[in-house]
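Note sheet for the following structure.
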Amino acid sequence: MLGSLVLGLLAGPAHAADRRPDATAPTPPAAPDMAALGGLLRTAVSRGAPGAMARIDDHRTAWDDHATVHKATEGVADRGTGEAMNTADRFRVGSVTKTFSAVVLLQLAAEGRLGLDTSVNHYLPGLLPDDRITVRHVLSHRSGLYDYTNDLFAHTVTGFEAARNHVFTYRQLVARSLKHPLTHAPGAAFDYSNTNFVVAGLLIEKLTGHPVRTEYQNRIIRPLGLTDTFYVHPDPRIPGRYAHGYLTPDDAKAALVDATDQTASWAQSAGALISSTRDLNTFFSALLGGGLLPTRQLTEMERWVPAGTGQWYGLGLRRRDLSCGVSVYGHTGVVQGFYTYAFTSKDGRRSLTALANTSNNDAVHEAMLSTLESAFCGKRSKVRGAAPLSRPAGEKAVNDLAR
Ligand code: REY
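When the sequence shown is numbered by our numbering, its final residue is 615 and no position is left out of the sequence of numbers.
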């Protein structure tokens, strides 16, 4: 507990901007507001998502087996068959993968095999154009490495169709980034970029001699018993039962594109995992509950840099400050057809995973973000209904927000 109070004060020189303590209130958590949450899922569907769902796991302790589980679903998992959305459905989690990659690297740091403040080029000679870029810069999106997905998906549907069956190497993705200069000097600013977590994948492979799949499996998936979680790259299919994902075209009149099957090779260690609401809740409860990393490395993960209003980024971990004064910890994810929101409380006892099976739709994203308010603030939330659109629907800034 004491640790949690001082975490926000541990900012080193590189984090001077954040000297505020966590906003997590020491009062008992409010019960989730399932009526409000259900209303938000309906709003998401009315705004264009074929389906939406959420699962909350409320544990008495981060580790007990007797969680109270709340589930809500709306709409369909498959527009072809009309099959209803089900919280057991698997889906593509996008950038929630980044937290898995960060956990692997922080475990390697705990084992003395990686220095967070060591140059990436020390481990991967000549990879990056600036020796000052450290592992910490990469994991906190402060390297300045340009996000190659801006170019790949400048045109949403044609970009996706060109990439969906393609198999990239990590180095090809880094080379795409390096066609652009660094966006800022290493360490100078937060600038979300998938390139950072492609570098993370390269580091994992280099330090362990294994593909990332093996490390996710041995260090996270197997120990936590995550039976719905898979890294199948470059296999384009989702194993078992799953929700289809429907990409929203930029042209509002065009039909949704079934984007379920894809290699996700453009994302890999930055975004190619498949999982479920239950497994993501287990993962984040374990992480914040102290079950995946020693205290020292979890503390490093929770050294925050500002990442937008009420938002912070640690090492592969997001923090969002909610309207009731509670902060939540996790990650968001966007891959074509899937918006994922996976967050937990400071102690890991309450976790929420919410999913809408569409993407590239700001209005759906705004509604889904408000599920965090229903889940963690309950009736103490000062936000009523879906958050108002922060920009006109259709404008293309959504991915920076959503990721
Ligand atoms: C890429 C574009 C999103 C998605 C992305 N996801 O970088 C990573 C993340 C893994 O951080 C696509 N948007 C959409 C466009 C916009 O194509 N032109 O919304 O599906 O989660």
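Cβ atoms here follow ideal geometry from the backbone N, Cα and C, with glycine treated the same way.
Would you mind stating whether leucine 385 and tyrosine 443 have Cβ atoms separated by less than 8 Å?
For the 8 Å CB-CB criterion, leucine 385 and tyrosine 443 do not form a contact.
Taking the C-alpha atoms as reference points, what is the distance between methionine 513 and proline 398?
C-alpha separation (whole angstroms): 19 Å.
In whole angstroms, give me the CA-to-CA distance for arginine 532 and aspartate 269.
About 19 Å.
Does the beta carbon of leucine 459 fall short of 7 Å from some heavy atom of the ligand REY?
Indeed, a heavy atom of the ligand REY lies less than 7 Å from the Cβ.
Cβ of glycine 528 within 7 Å of any heavy atom in the ligand REY?
Set against 7 Å, the gap from the CB of glycine 528 to the closest heavy atom of the ligand REY is not smaller.
Taking a contact to mean a Cβ-Cβ separation below 8 Å, would you say aspartate 559 touches leucine 500 in this structure?
Contact flag set, yes.
Reference valine 540; option with closest CA among Gly522, Thr552 and Asn408:
Out of Gly522, Thr552 and Asn408, Gly522 has the C-alpha closest to the C-alpha of valine 540.
Which whole-angstrom value is the C-beta distance of glycine 549 and alanine 471, which I expect to be below 8 Å?
Confirmed, about 4 Å.
Compare the Cα-Cα distances from proline 461 to each of Gly371, Thr565, Leu328 and Arg453 and report the closest residue.
The shortest C-alpha separation from proline 461 is found at Gly371.
Tell me whether arginine 616 is buried or exposed, calling it buried when 16 or more other Cβ atoms sit within 10 Å of its Cβ.
In the structure as shown, the chain begins at 213 and stops at 615. Residue 616 is therefore absent and cannot be evaluated.
Are there three or more Cβ pairs, one per stretch, closer than 8 Å when the segment 575 to 582 is compared with the segment 249 to 269?
Taking 8 Å as the limit for Cβ pairs, the verdict is that the segment 249 to 269 does touch the segment 575 to 582.
Expressed to the nearest angstrom, what Euclidean distance is found between the alpha-carbon atoms of proline 233 and lysine 594?
For proline 233, the pLDDT reaches just 47, beneath the cut-off of 50, and the residue's location in the model is therefore unreliable, although a value from the coordinates is still provided. Their backbone Cα atoms lie some 21 Å apart in a straight line.
Given 7 Å as the limit, tell me if alanine 554 has its C-beta closer than that to any heavy atom belonging to the ligand SAM.
The ligand SAM is absent from the structure shown, which contains only the ligand REY.
Output the distance between the C-alpha atoms of asparagine 408 and leucine 527, rounded to the nearest integer angstrom.
Note on geometry: alpha-carbon atoms of asparagine 408 and leucine 527 lie some 11 Å from one another.
On the three-state DSSP scale, how would you describe serine 331?
Annotated three-state conformation of serine 331 is strand, per DSSP.
Between the beta-carbon of isoleucine 432 and the beta-carbon of leucine 504, is there less than 8 Å?
It is a contact, given that the beta carbons lie within the stated cut-off.
Using a threshold of 7 Å, is the CB atom of phenylalanine 402 nearer than that to any non-hydrogen atom of the ligand REY?
In terms of side-chain proximity, the C-beta atom of phenylalanine 402 is found no nearer than 7 Å to any non-hydrogen atom of the ligand REY.
Could you spell out where the alpha helix (DSSP H) holding glycine 537 opens and where it closes?
Boundaries cannot be given for glycine 537, as no alpha helix (DSSP H) includes it and DSSP labels it neither H nor E.
Proximal residues to arginine 325 (C-beta, below 6 Å), its chain only, five neighbours per side dropped
Counting only Cβ-Cβ distances below 6 Å, and skipping sequence neighbours, we find Leu419.
Residue from Thr280, Ala284 and Ala261 whose Cα sits closest to the Cα of glycine 250
Nearest option by C-alpha distance: Ala284.
To the nearest angstrom, how far is it from the Cα of proline 341 to the Cα of valine 410?
Here the alpha carbon of proline 341 sits roughly 15 Å from the alpha carbon of valine 410.
Any 3 or more C-beta pairs closer than 8 Å across the segment 579 to 588 and the segment 334 to 349:
The segment 579 to 588 is not in contact with the segment 334 to 349.
Are there any heavy atoms of the ligand REY lying less than 7 Å away from the beta-carbon of glutamine 548, as far as the coordinates show?
For the ligand REY, at least one heavy atom lies less than 7 Å from the Cβ of glutamine 548.
Can you tell me the Cβ-Cβ gap for asparagine 679 and serine 586, rounded? I've got them flagged as a contact below 8 Å.
The chain is shown only over 213 to 615; residue 679 falls outside these bounds and no answer can be derived.
Would you please state the rounded distance, in angstroms, between the beta carbons of serine 307 and histidine 456? I believe it to be under 8 Å.
Between histidine 456 and serine 307 the Cβ distance is about 20 Å, and since that is not below 8 Å, they are no contact.
Quick check: the Cα distance between asparagine 377 and aspartate 463, rounded to an integer number of angstroms?
Asparagine 377 and aspartate 463: Cα-Cα distance of roughly 23 Å.
Is the distance from the Cβ of glutamine 474 to the Cβ of proline 448 below 8 Å?
Yes.
Of the choices Arg453, Gly287, Tyr360 and Phe303, whose alpha-carbon is the least far from that of tryptophan 478?
The shortest Cα separation from tryptophan 478 among Arg453, Gly287, Tyr360 and Phe303 belongs to Tyr360.
Restricting to Cα atoms, I'd like to know which of Asp329, Ala242, Ala412 and His392 is closest to phenylalanine 312.
Nearest in C-alpha terms to phenylalanine 312, of all of Asp329, Ala242, Ala412 and His392, is Ala412.
Please report the distance separating the alpha-carbon of phenylalanine 495 from that of histidine 271.
In a straight line, the C-alpha of phenylalanine 495 is about 13 Å away from that of histidine 271.
Alpha carbon to alpha carbon, how far is leucine 394 from serine 571?
Each residue's alpha carbon lies about 28 Å from the other.
Could you pull the start and end residues of the beta strand (DSSP E) that threonine 439 belongs to?
First-last for threonine 439: undefined, no H or E at that position.
Would DSSP call glutamine 523 helix, strand or coil?
Strand.
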